[in-house]
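Taking full-length UniProt numbering, the leading residue of the sequence shown gets 1, the next gets one more, and so forth.
Note that the Cβ used here is the ideal one computed from N, Cα and C, for glycine as well.
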Amino acid sequence: MIGVIVINFRRADLTLECLASLYGNAGAPFHLFLVDNAADAGSRKALGRFAGAHDNVTLIVNDDNRGFTGAVNQALDPLLADPRFDAVALLNNDAVIEDAWLSRMEQRLDPAQGIEMVAARMMDFHAPDRVDSLGIVLYKSGIASNRKDASEPLLGPCGGAALYSTRLLKKVTAVSGYCLDPDFFCYAEDTDLALRARALGYSCAFAEDAVVRHRGSASSGGGYNELVAYYGLRNSLFTMAKNLPAEFFLRHALSIFTMQTAVVLKYLIKAKPRLVWRVYRDFGLGLERVLRQRARMRAQPNAKPWNWKCIVSRRFYDGAYVKQTLRSLHRRDIRPAKP
């Protein structure tokens, strides 16, 4: 059976829409682990009523906001301890699934071939023909992003619509001491997990026909704001330092340096020096911890070099995003995060 994890944060309306699609279109048996972060009276009532009406729901209510990583790890504790489950699906609460999504994802698992991660086809909720994500692609600049082209190498699934075997998650947890890095809070945690899984020999498949329609960033205020920028940039640095082999840094040093220089210039031009300072200050403060985690991964008895070259794009970064960024440099359009 599959355990499905959905996290709510201040958007019970979207969560209920997501769950309606899940219960109508899953196509496979599942048990729902629903986590309500920073629960208020409205979400407690609405989600409590939903859980009471279904016998396959475990509802976890948090008074505080534990972030995406904290909430997912919280749900994984009982899930991975239960032998009934052989796979775990992550589904964003601002997404709706289409017909037989869960069963089509499950069909792509192939443990005999080491395929124990599956990426879905995520389409834009408001523009159904526009690709939102076909999984994660890692560029030679060291930064990962949503894969928009199926010809690009697939690193792992986007955490907004992903499937993992419980065997993979248990192994990663045993090696790392956690599943999703609790210090990430949100953003880039799926890339970090995918890289750790790849280093342990696991692969990822793409489920072309497992379709999700995704709004995007609904819980973080919608669009690109300072919260998204801070966690996305800081956690991307953590992910690189923790996971990428030394050869990657040597081979792609110029691309990495160029990307980080471009990031600094972009936010200085947009009059966000404090954001830049916080990102690199907090990366520096957390670097010792991350390097200890890196050493722990490499100290495993069965640790061996892995073929990272086959999962790295030849491109510097997403060309469309670079062009969009250049066009927007004259606008100071990064909003403060909502409290």
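query: Simplified DSSP state of Tyr-231, which is helix, strand or coil; result: helix
query: Leu-59 beta carbon less than 7 angstroms from that of Ala-12; result: no
query: Pick from Phe-30, Val-6 and Thr-239 that is closest to Asn-37, judged by C-alpha positions; result: Val-6
query: Inter-stretch contact at 8 angstroms, needing at least 3 Cβ pairs: the region 198-206 / the region 247-255; result: no
query: Of the residues Met-122, Val-88, Met-105 and Asn-243, the one placed nearest Asp-149, counting alpha carbons only; result: Met-122
query: Where Ser-151 falls, given that 16 or more other Cβ within 10 Å makes a residue buried; result: exposed
query: Distance between beta carbons of Leu-233 and Val-279, contact taken as under 8 angstroms; result: 5 angstroms
query: Contact set for Leu-275: own chain, Cβ-Cβ below 7 angstroms, skip 5 residues either direction; result: Glu-226, Ala-229, Tyr-230 and Tyr-267
query: 7 angstroms Cβ cutoff met for Ser-176 and Glu-116; result: no
query: Completely contained alpha helix (DSSP H) runs for the region 188-274, where each covers 4 or more residues; result: 189-199, 226-243, 246-251 and 253-269
query: Three-state secondary structure (DSSP) of Asn-8; result: strand
query: Contained alpha helix (DSSP H) runs [length at least 4] in the region 13-99, N- to C-terminal order; result: 41-52 and 67-80
query: Short Cβ contact (7 angstroms threshold) for Lys-242 with Val-172; result: no
query: For Gly-237, the nearest candidate out of Cys-310, Glu-288 and Gly-201 (CA to CA); result: The sequence given here places Leu at residue 237; Gly does not occur at that position. Residue Glu-288 is the option with its Cα nearest to Leu-237.
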